[in-house]
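*Asks:*
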Amino acid sequence: MMKLSREFYERDTLLVARELLGKHLVRNTPEGMTIGKIVETEAYIGPDDAAAHTFRSLRSKRTEVAFGPGGFAYVYLIYGMYHCFNIVTNVAEKPEVVLIRALEPVDGLELMMKRRKTDKIKNLCSGPGKLCVAMDITKKDNGVDLCGDSLYLTDGDPVPDENIATTPRINIDYAGEAKNYPWRFVIKDNKFVSVKAPK
Numbered sequence: 001m002m003k004l005s006r007e008f009y010e011r012d013t014l015l016v017a018r019e020l021l022g023k024h025l026v027r028n029t030p031e032g033m034t035i036g037k038i039v040e041t042e043a044y045i046g047p048d049d050a051a052a053h054t055f056r057s058l059r060s061k062r063t064e065v066a067f068g069p070g071g072f073a074y075v076y077l078i079y080g081m082y083h084c085f086n087i088v089t090n091v092a093e094k095p096e097v098v099l100i101r102a103l104e105p106v107d108g109l110e111l112m113m114k115r116r117k118t119d120k121i122k123n124l125c126s127g128p129g130k131l132c133v134a135m136d137i138t139k140k141d142n143g144v145d146l147c148g149d150s151l152y153l154t155d156g157d158p159v160p161d162e163n164i165a166t167t168p169r170i171n172i173d174y175a176g177e178a179k180n181y182p183w184r185f186v187i188k189d190n191k192f193v194s195v196k197a198p199k
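Counting along the sequence shown from 1, when you hit position 83 you're at 83 in UniProt numbering, and nothing is skipped either side.
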């Protein structure tokens, strides 16, 4: 499948978050290749999004990559133990990202199960921390060019609009009214999402 170009990422973040559904995330390591289909995303649109790390244009060593061009990995640690993989979107100096919340495993399942220490395929990548373990994505990948060869995305399968649900984002109760923004996108009835979308 064709690798996504820089131009795909350097567009409106909500559009990218929606169109990432069905795309394939590919990870190449010395251990082998793992591939997952993106089934759940969340958009974070700083500096006006109180849920975003770049709210009010907060610029730090951690968030610096988000201020660069689209198509780079933004990886950080939460709760001191779980990594989250985000994709920088839009153009430089517009610090916006899309969090990849869940994948449907496609290839390299044995390696994913070994990394996650489980044989339950349904739960391999059903959350941001889980998918990072399964795909061996850590802070060392922060700033990686997604147009490169170690971590990248391919076309995958287009998802029709009628098969996409939008909901508020997960676990951002601290974000005031921003917690209600419908900026989470999921493939309807997909069993691999982290939290099922309401009917």
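Idealized CB from N, CA, C, for every residue including glycine. Nothing here was measured: the structure is a model prediction, and the numbers come from that model.
Exposed or buried, P198, counting other C-beta atoms within 10 Å across all chains shown (16 or more means buried)?
*Replies:* As a position in the sequence shown, residue 198 is number 198, starting the count at 1. By the 10 Å Cβ count, P198 comes out exposed.
*Asks:* Please state the DSSP three-state secondary structure of M135.
*Replies:* As a first step, residue 135 must be located in the sequence shown, where it is residue number 135. M135: coil per DSSP, three-state reduction.
*Asks:* With DSSP collapsed to three states, give me the class of R169.
*Replies:* Here residue 169 refers to the residue found at position 169 of the sequence shown. Looking at R169 - three-state DSSP - the assignment turns out to be coil, as it is neither helix nor strand.
*Asks:* In whole angstroms, give me the CA-to-CA distance for D155 and P168.
*Replies:* Residue mapping note: residue 155 aligns to position 155 of the sequence shown, counting from 1. Residue mapping note: residue 168 aligns to position 168 of the sequence shown, counting from 1. In a straight line, the C-alpha of D155 is about 26 angstroms away from that of P168.
*Asks:* Determine the direct distance from the alpha carbon of F67 to that of P105, and round the result to whole angstroms.
*Replies:* By 1-based counting over the sequence shown, the position of residue 105 is 105. By 1-based counting over the sequence shown, the position of residue 67 is 67. Going by the C-alpha atoms only, they are around 31 angstroms apart.
*Asks:* Give me the residue from N86, A134, V97 and P95 with the minimum Cα distance to M112.
*Replies:* The sequence position of residue 112 within the sequence shown is 112, counting from 1. Among N86, A134, V97 and P95, the Cα nearest to that of M112 belongs to A134.
*Asks:* Taking only three categories from DSSP, how would you classify V65?
*Replies:* Stepping through the sequence shown from its first residue, residue 65 is reached at position 65. Residue state, collapsed to three classes: helix.
*Asks:* Compare the Cα-Cα distances from V97 to each of N142, K117, G80 and C125 and report the closest residue.
*Replies:* Indexing the sequence shown from 1 puts residue 97 at position 97. Considering only alpha carbons, the answer is N142.
*Asks:* In terms of residue numbering, what span does the beta strand (DSSP E) encompassing T34 cover?
*Replies:* Mapped onto the sequence shown, residue 34 falls at position 34. Here the beta strand (DSSP E) through T34 covers G32 to I45.
*Asks:* With DSSP collapsed to three states, give me the class of P128.
*Replies:* To locate residue 128, count along the sequence shown from 1; it is residue 128. Of the three classes helix, strand and coil, the one that applies to P128 here is helix, per DSSP.
*Asks:* Ignore the nearest five residues each way along the sequence and tell me which others in I87's own chain have a CB closer than 6 angstroms to its CB.
*Replies:* Numbered from its first residue, the sequence shown carries residue 87 at position 87. Cβ neighbours of I87 beyond the five flanking positions: V98.
*Asks:* Taking buried to mean at least 16 other C-beta atoms within 10 Å of its own C-beta, is I78 buried or exposed?
*Replies:* The residue you call residue 78 lines up with position 78 of the sequence shown. The residue in question, I78, is exposed, as its Cβ has fewer than 16 Cβ neighbours within 10 Å.
*Asks:* Strictly by DSSP, which residues pair up with V186?
*Replies:* Here residue 186 refers to the residue found at position 186 of the sequence shown. The partner list for V186 (beta bridge, DSSP) reads E40 and A165.
*Asks:* Taking 6 angstroms as the limit between beta carbons, can you name the residues of its chain near S5, skipping five residues before and five after?
*Replies:* Taking the first residue of the sequence shown as position 1, residue 5 is located at position 5. So no residue of the chain qualifies.
*Asks:* Which same chain residues, not among the five before or five after L131, have their C-beta less than 6 angstroms away from its C-beta?
*Replies:* On the sequence shown, position 131 is the one that residue 131 refers to. Only L103 and C125 meet the Cβ criterion.
*Asks:* Could you name the residues that DSSP lists as bridge partners for R115?
*Replies:* On the sequence shown, residue 115 is found 115 positions in, with the first residue counted as 1. DSSP output for R115 lists no bridge partner at all.
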